[in-house]
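Undergrad:
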Amino acid sequence: WMRVGRWTKTIDYGEGSASQAGFPPMPDWFKDNRYWDNIAKGLRQVGFSDQDTKKICGENWLRFYKNAFIAA
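To convert, take the position in the sequence shown, counting from 1, and add 165; that gives the numbering used here.
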């Protein structure tokens with residue numbers, strides 16, 4: 166198992182610790198995938214253009230897949 170660039174055989178507590186294992190709680194503005202639009206809203210609020218927001222929220226991945234995975 167590889168974690169943070171190191172091989173380890175010890176217990177990996179992820180984002181937590183031995184006393185509080187697991188992933189930290191999700192923020193109020195993104196509890197699950199239904200809150201995805203809050204990321205786009207936040208990007209626009211801090212000055213990202215609509216075009217850049219669309220790229221960050223998925224268009225870059227779509228372009229990558231289209232160009233990287235060409236049918237044989």
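Virtual Cβ for every residue (Gly too), placed ideally from N, Cα, C.
Measure the CB-CB distance between residue 222 and residue 205 and report whether it falls below 8 Å.
TA: Yes.
Undergrad: Mapping DSSP to helix, strand and coil, what is residue 282?
TA: Outside the shown range of the chain (166 to 237) lies residue 282, about which nothing can therefore be said.
Undergrad: To the nearest angstrom, how far is the alpha carbon of residue 175 from that of residue 181?
TA: If you take the alpha carbons of residue 175 and residue 181, they lie about 14 Å apart.
Undergrad: Compare the beta carbon distance of residue 203 and residue 195 with 8 Å and say whether it is the shorter of the two.
TA: Contact flag set, yes.
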